[in-house]
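Residue numbers (UniProt numbering): 1 to 328.
If you want it as structure tokens, here you go:
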């Protein structure tokens, strides 16, 4: 399964949009937090987990998804939210804690919800597995179209929720795909120090479902693997487990000193940055020319600027609304 030129252009533009969005958020996040880092200060208080470097996984999978398909993501969700089509202006406003945000500023960047495109994420490790499998079950029971995809980190594959959800998805032959983003680090713990198997795709055998490994943080290869998995799910043939090798170019969270990384690791990762690599390949293979890529990049830049301006200019939630839209 090979992406068309149109799909490749969308994938590249979406990757650039995600990267520019996070680069902008990163600068704003540090406002008011220097010279002494204080997580509670500045226009974006709280934790911030960046997904830069992991963009190929989001676009390779979401290129196959429709509006009715369901996606659950992790505490590092921006690339997947953007690839699924979450409203970027309302997403930015939510991150800023503004009243115009997706949840009125109540959720922040780890709790982005957009029912218009069936996207949700949460900060609890492996938390998205159960809701995604439940959504897949509801689609099957109601005879409605839609595939559910749960994006999790490699550390989440050691959680009980992962195994329970995979077991039920396989048992009931649900239209479900689990995508494990293996960035090698569960916070500051290396995968080899926390996981008994070198690759989580082998765990698919325990549930009688295909396990697929995709190396190289390659958007073409991820597109191919995800296309086969989504097609299988839509055909009623059950779930697939995909582990995609990727990497994060930032720390676990903003402010992470990253002392756990081996010397030279980050420099080597930046040399493999997937966005310049994809740009070069598009040019080399004739899938895009320089003018087309610059147009895609300019469009991404403009979209991010508009979203950030919207967020900055949006009002803060009214204090009187603090107790509305909650369960008592």
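All residues carry an ideal CB built from backbone N, CA and C; glycine is no exception. Fair warning: this is a prediction, and the values are worked out from it, not measured in the lab.
Point to revise | Status (buried if at least 16 other CB within 10 Å, exposed otherwise) for residue 313 | key: Position 313 of the chain shown holds residue 313. Its Cβ having fewer than 16 others within 10 Å, residue 313 is exposed.
**Study point:** Collapsed DSSP secondary structure at residue 207 in the structure displayed
**Key:** If you number the chain shown from 1, residue 207 lands on position 207. Residue 207: helix per DSSP, three-state reduction.
Point to revise | Proximity winner among 104, 121, 105, relative to residue 111 (alpha-carbon distances) | key: For the purposes of this step, residue 111 is identified with residue 111 of the chain shown, where counting begins at 1. Of the listed residues, the one whose Cα sits closest to residue 111 is 121.
Review point. Expressed to the nearest angstrom, what Euclidean distance is found between the alpha-carbon atoms of residue 246 and residue 59?
Key: Position 246 of the chain shown holds residue 246. Position 59 of the chain shown holds residue 59. Approximately 13 Å, taken between the alpha carbons.
**Study point:** Enclosing alpha helix (DSSP H) for residue 160 [first to last residue]
**Key:** Here residue 160 refers to the residue found at position 160 of the chain shown. It spans 160–171 - the alpha helix (DSSP H) in which residue 160 sits, taken as one unbroken run.
Practice item. Would you check if the region 249–256 and the region 278–287 touch, i.e. whether three or more CB-CB distances between them fall below 8 Å? Key: no
Point to revise | Rounded straight-line distance, which links the Cα of residue 14 to that of residue 8 | key: The residue given as residue 8 occupies position 8 in the chain shown. The residue given as residue 14 occupies position 14 in the chain shown. Those two C-alpha atoms are separated by around 10 Å.
Practice item. Pull up the CB-CB distance for residue 209 and residue 170, whole angstroms please, since I reckon it's below 8 Å. Key: As a working mapping, residue 209 is identified with position 209 in the chain shown. As a working mapping, residue 170 is identified with position 170 in the chain shown. Residue 209 to residue 170, Cβ: 5 Å. Contact.
Review point. Once you ignore the five residues that flank residue 300 on each side, which residues in its own chain have a CB closer than 7 Å to its CB?
Key: Indexing the chain shown from 1 puts residue 300 at position 300. Cβ neighbours of residue 300 beyond the five flanking positions: 13, 16, 17, 20.
Review point. CB residue 96 to CB residue 311, shorter than 8 Å?
Key: Looking up residue 96 in the chain shown gives position 96. Looking up residue 311 in the chain shown gives position 311. Yes. Within cutoff.
Point to revise | Under 8 Å between C-beta atoms of residue 164 and residue 186 | key: Here residue 164 refers to the residue found at position 164 when the chain shown is read from its first residue. Here residue 186 refers to the residue found at position 186 when the chain shown is read from its first residue. Taking 8 Å as the Cβ cut-off, residue 164 and residue 186 do not qualify as a contacting pair.
Point to revise | Per DSSP, cross-strand counterpart(s) of residue 181 | key: Along the chain shown, read from residue 1 onward, the residue named residue 181 stands at position 181. 153, 244, per the DSSP bridge assignment.
Point to revise | Within-8 Å CB hit, residue 137 to chain D | key: In the structure shown, chain D does not exist; there is a single protein chain.
Exercise for review: Measure the Cβ-Cβ separation of residue 52 and residue 249 and say whether it is below 8 Å.
Suggested key: Counted from its first residue, the chain shown places residue 52 at position 52. Counted from its first residue, the chain shown places residue 249 at position 249. Result yes, Cβ atoms of residue 52 and residue 249 sit closer than 8 Å.
Practice item. Name, in chain order, the residues that DSSP records as bridge partners for residue 62. Key: Your numbering for residue 62 matches position 62 in the chain shown. In DSSP, residue 62 forms no bridge with anything.
Practice item. Just mark residue 197 as buried or exposed, buried being the case when its beta carbon has 16 or more other beta carbons within 10 Å. Key: Reading the chain shown from its first residue, position 197 is the one you call residue 197. Residue 197 should be labelled exposed.
**Study point:** Three-state class that DSSP yields for residue 321 in the structure shown
**Key:** By one-based count along the chain shown, residue 321 stands at place 321. Reduced to three states, the DSSP call for residue 321 is helix.
Review point. With a Cβ-Cβ cutoff of 8 Å, do residue 98 and residue 105 count as a contact?
Key: Taking the first residue of the chain shown as 1, we reach residue 98 at position 98. Taking the first residue of the chain shown as 1, we reach residue 105 at position 105. Yes, the Cβ-Cβ distance between residue 98 and residue 105 is below 8 Å.
Check your understanding: Mapping DSSP to helix, strand and coil, what is residue 134?
Key -> Your numbering for residue 134 matches position 134 in the chain shown. Residue state, collapsed to three classes: helix.
Review point. Is residue 226 helix, strand or coil when you go by DSSP?
Key: Here the question's residue 226 lines up with position 226 in the chain shown. Residue 226: helix per DSSP, three-state reduction.
Check your understanding: Cβ of residue 393 within 8 Å of Cβ of residue 133?
Key -> This structure cannot speak to residue 393, because the chain is shown only from 1 to 328.
Practice item. Tell me, please, whether the region 85–93 touches the region 134–142 by the rule of three or more beta-carbon pairs shorter than 8 Å. Key: no
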